[in-house]
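First the structure, in the form of structure tokens, and then the observations on it.
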Amino acid sequence: MTNSFLKLATEGNKAAILKQQIICQYILGGDSSITDLSKAVNLSVPTVTKLIGELIDEGFVHNFGEQGTAGGRRPNIYGLNPYAGYFVGVDLRKDSVMMAAINFKGQLIDETTVDFLMDNDPRSLDRLCDVIQNFIRARKIARDKVLAVGVNISGRVNSQTGYSYSYFFVEEQPLTMLLEERLGTTVYIENDTRAATYGEYMYGDAHSEKTMLYINASWGLGLGMIIDGKIFYGKSGFSGEFGHFPLLDNEIICRCGKRGCLETGASGSAMHRIFLEKLKEGRVSMLSEKYKKGEEITLNDILAALLKEDVLAIEILESVGHTLGKAIAGLINMFNPEVIVIGGTLSVAKEYLMLPVRNAINKYSLMLVNKDTQIKLSSLGERAGVMGACLLARSKSLGLF
Numbered sequence: 001m002t003n004s005f006l007k008l009a010t011e012g013n014k015a016a017i018l019k020q021q022i023i024c025q026y027i028l029g030g031d032s033s034i035t036d037l038s039k040a041v042n043l044s045v046p047t048v049t050k051l052i053g054e055l056i057d058e059g060f061v062h063n064f065g066e067q068g069t070a071g072g073r074r075p076n077i078y079g080l081n082p083y084a085g086y087f088v089g090v091d092l093r094k095d096s097v098m099m100a101a102i103n104f105k106g107q108l109i110d111e112t113t114v115d116f117l118m119d120n121d122p123r124s125l126d127r128l129c130d131v132i133q134n135f136i137r138a139r140k141i142a143r144d145k146v147l148a149v150g151v152n153i154s155g156r157v158n159s160q161t162g163y164s165y166s167y168f169f170v171e172e173q174p175l176t177m178l179l180e181e182r183l184g185t186t187v188y189i190e191n192d193t194r195a196a197t198y199g200e201y202m203y204g205d206a207h208s209e210k211t212m213l214y215i216n217a218s219w220g221l222g223l224g225m226i227i228d229g230k231i232f233y234g235k236s237g238f239s240g241e242f243g244h245f246p247l248l249d250n251e252i253i254c255r256c257g258k259r260g261c262l263e264t265g266a267s268g269s270a271m272h273r274i275f276l277e278k279l280k281e282g283r284v285s286m287l288s289e290k291y292k293k294g295e296e297i298t299l300n301d302i303l304a305a306l307l308k309e310d311v312l313a314i315e316i317l318e319s320v321g322h323t324l325g326k327a328i329a330g331l332i333n334m335f336n337p338e339v340i341v342i343g344g345t346l347s348v349a350k351e352y353l354m355l356p357v358r359n360a361i362n363k364y365s366l367m368l369v370n371k372d373t374q375i376k377l378s379s380l381g382e383r384a385g386v387m388g389a390c391l392l393a394r395s396k397s398l399g400l401f
């Protein structure tokens with residue numbers, strides 16, 4: 001079932017391509033009657049009726065029965081069969097991996113987060129595959145029902161060629177192929193910020209907008225762009241290196257090897273570095289005792305302290321937020337977007353982050369340009385990435401883009 005029209009569509013079969021269009025319309029528009037569907041895909045009712053019948057036989061579409069109307073006949077409503085298959089999303093982070101599974105209809109089945117320290121070596125790749133397989137087995141999803149796996153990785157990722165240039169790079173073989181050999185199913189990789197952008201766009205509060213910028217304020221700093229309803233990749237697939245704008249005059253060496261990158265002053269890693277520097281100078285915090293004992297202080301520790309109104313943590317985030325807001329003001333002046341969504345690890349701080357960001361935007365952006373731009377906090381939070389991974393795996397498998 002899983003390779004029927006999908007495989008034929010890639011080979012140029014006309015009927016299979018029309019079926020693919022119907023599936024994509026259901027993804028974008030939801031369940032509908034045959035009459036409404038025929039209008040949406042610009043095909044005759046008899047043609048759509050025939051194709052729907054074949055898709056039902058193949059297990060991809062389900063007849064949900066009659067739906068009441070104000071008067072007249074009650075049309076049957078058709079839509080995606082949720083049990084036709086499943087898509088797994090994997091969101092790799094600094095010290096953990098979040099995984100989720102959605103059904104064919106796009107509904108969340110389950111999600112989990114496990115500790116995972118990623119190293120850039122073959123053994124780490126093998127461990128990652130074991131973690132993914134364990135997740136699938138624990139949900140009792142049959143192997144042939146896993147239609148695709150989407151994996152998010154930070155850094156430079158070319159999702160078209162399947163190469164990751166920051167992790168697990170092997171010149172002779174794309175990362176997608178290495179993963180497919182181990183997992184036994186189709187694998188797509190994506191930059192973590194772009195995946196979160198897509199997750200937020202599809203399932204967040206910005207779905208009705210055509211132009212959206214997504215700021216991933218986590219350990220690093222990334223930018224995802226939706227332009228005319230589509231992810232913007234750039235010529236080589238590396239768009240969105242927002243954190244490496246050379247905007248700061250601080251002479252701090254960034255992880256990319258250059259100096260003055262925005263990430264060195266407006267990210268989770270910047271907040272972590274400045275916080276430890278202040279503790280070393282003798283500033284007081286509820287984490288002072290932990291620091292004096294030589295215990296590790298993580299970014300999550302600092303954010304937890306901030307949410308308990310730790311003055312030092314609040315002060316540092318205000319500075320980081322101001323720097324970030326100033327840079328976002330530049331994006332507004334440049335792109336004039338409908339909405340900017342701020343997500344990632346730092347978004348748990350909510351108004352502690354948004355207040356300095358908004359103040360800086362108001363100060364540094366042009367009023368005529370920014371007046372119609374909405375600034376929103378991510379509604380999905382840290383789940384945006386893994387949801388984006390699931391949805392991208394589905395969209396790419398089914399030919400949505």
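Residues 1 to 401 in the working numbering are what the sequence shown spells out, letter by letter. Don't be surprised by glycine CBs; every beta carbon is placed ideally from N, CA and C. Bear in mind that the values here come from a model prediction, so they are computed numbers and not experimental data.
For Y214, the three-state DSSP class (helix, strand or coil): Reduced to three states, the DSSP call for Y214 is strand.
I192 versus F64: straight-line alpha-carbon distance, rounded: In the sequence under discussion, the amino acid at residue 192 is Asp, which differs from the Ile named in the question. Rounded to the nearest angstrom, the two C-alpha atoms are 36 Å apart.
Cβ shell of I340 (< 6 Å), same chain only, five flanking positions each side left out: Cβ neighbours of I340 within its own chain (closer than 6 Å, five residues either side excluded): L213 and I375.
Test item: CB-CB of G89 and G150 under 8 Å: In this structure, G89 sits near G150, with a CB-CB distance shorter than 8 Å.
contact_flag[the stretch 271 to 283, the stretch 330 to 345] where n(CB pairs < 8 Å) is 3 or more: No contact exists between the stretch 271 to 283 and the stretch 330 to 345.
Per DSSP, cross-strand counterpart(s) of L80: DSSP output for L80 lists V61 as bridge partner(s).
C-alpha gap between S397 and D91, whole angstroms: Computed Cα separation, rounded: 18 Å.
Stretch pair the stretch 247 to 260 + the stretch 221 to 235: three plus CB contacts closer than 8 Å: Touching, no, given that fewer than three Cβ pairs across the two stretches are closer than 8 Å.
DSSP-derived helix/strand/coil call for S379: In the displayed model, S379 falls within coil according to three-state DSSP, outside both helix and strand.
C-beta contact flag for A360 and L303 at 8 Å: For the pair A360 and L303, the CB atoms are not nearer than the 8 Å cut-off.
Distance between beta carbons of Q21 and V41, contact taken as under 8 Å: Rounded, the Cβ-Cβ distance is 5 Å, consistent with contact.
Member of S269, M286 and I328 whose CA lies at the smallest distance from the CA of L299: Selected option, being the one with the closest Cα: S269.
T2 versus G59 - alpha carbon distance: Its pLDDT being 49, under 50, T2 is placed unreliably by the model, and the measurement read from it follows with that caveat. Rounded to whole angstroms, T2 to G59 spans 9 Å at the Cα level.
Backbone secondary structure at A15 - three-state DSSP: It is helical.
V341 in three-state terms, based on DSSP: V341 falls in the strand class under three-state DSSP.
Range covered by the alpha helix (DSSP H) that runs through T112: Boundaries around T112 are those of the beta strand (DSSP E), L108 to D115, since no alpha helix (DSSP H) includes it.
Neighbour-count burial assignment, Y165, 16 or more Cβ in a 10 Å radius: Classified as exposed, Y165 has fewer than 16 neighbouring CB atoms from the shown chains inside 10 Å of its CB.
Residue closest to R156, alpha-carbon to alpha-carbon, out of A195, V146 and M177: Residue A195 holds the alpha-carbon nearest to the alpha-carbon of R156 among A195, V146 and M177.
Among T197, C24 and L306, the one whose alpha carbon lies nearest that of G344: Distance check between G344 and each of T197, C24 and L306 places T197 closest, using alpha-carbon atoms only.
Where T2 sits in the DSSP three-state scheme: Per-residue confidence for T2 stands at a pLDDT of 49, beneath the threshold of 50, marking its modelled position as unreliable; the derived number appears in the next sentence. In the three-state scheme derived from DSSP, where H, G and I count as helix and E and B as strand, T2 is classed as coil.
DSSP state of A266 mapped onto helix, strand, coil: When secondary structure is reduced to three states using DSSP, A266 falls in the coil class, being assigned neither helix nor strand.
CA-to-CA distance, Y291 to E241, given in whole angstroms: The C-alpha of Y291 is placed about 33 Å away from the C-alpha of E241.
Proximity winner among D110, L51, E172 and V311, relative to M98 (alpha-carbon distances): Ranked by Cα distance from M98, the options D110, L51, E172 and V311 are led by D110.
Per DSSP, the bridge partner or partners of Q374: DSSP lists V339 as partners of Q374.
Anticipated Cβ contact below 8 Å, V187 with A142, distance rounded: So it is not a contact: roughly 18 Å between Cβ atoms.
Burial state of D310, where buried means 16 or more other Cβ atoms lie within 10 Å: Counting of Cβ neighbours within 10 angstroms places D310 among the buried residues, the total reaching 16 or more.
Beta strand (DSSP E) segment containing A148, residue limits: Per DSSP, A148 belongs to the beta strand (DSSP E) from V146 to I153.
Alpha-carbon spacing of G381 relative to I77, whole angstroms: When only Cα atoms are considered, G381 and I77 end up about 34 Å apart.
Which of helix, strand or coil DSSP assigns to E315: In the displayed model, E315 falls within a helix according to three-state DSSP.
Test item: CB-CB of N152 and A389 under 8 Å: Using a Cβ distance threshold of 8 Å, N152 and A389 count as a contacting pair.
Backbone CA spacing between N301 and L307 [nearest angstrom]: First, the residue type needs correcting, since residue 301 is Asp and not Asn in the sequence shown. Pairing D301 with L307, the inter-Cα distance amounts to about 10 Å.
For E190, the first and last residue of its enclosing beta strand (DSSP E): It spans V187 to N191 - the beta strand (DSSP E) in which E190 sits, taken as one unbroken run.
Beta-carbon separation (whole angstroms), P356 vs G321, contact threshold 8 Å: Going by Cβ atoms, the distance from P356 to G321 rounds to 3 Å, so yes, they are a contact pair.
Cα-Cα separation between G199 and L353, rounded to whole angstroms: Each residue's Cα considered, the two are about 21 Å apart.
Cutoff 7 Å; reference T112; Cβ partners in own chain excluding five residues on either side: Excluding residues within five positions, the ones whose Cβ falls inside 7 Å are M99 and F135.
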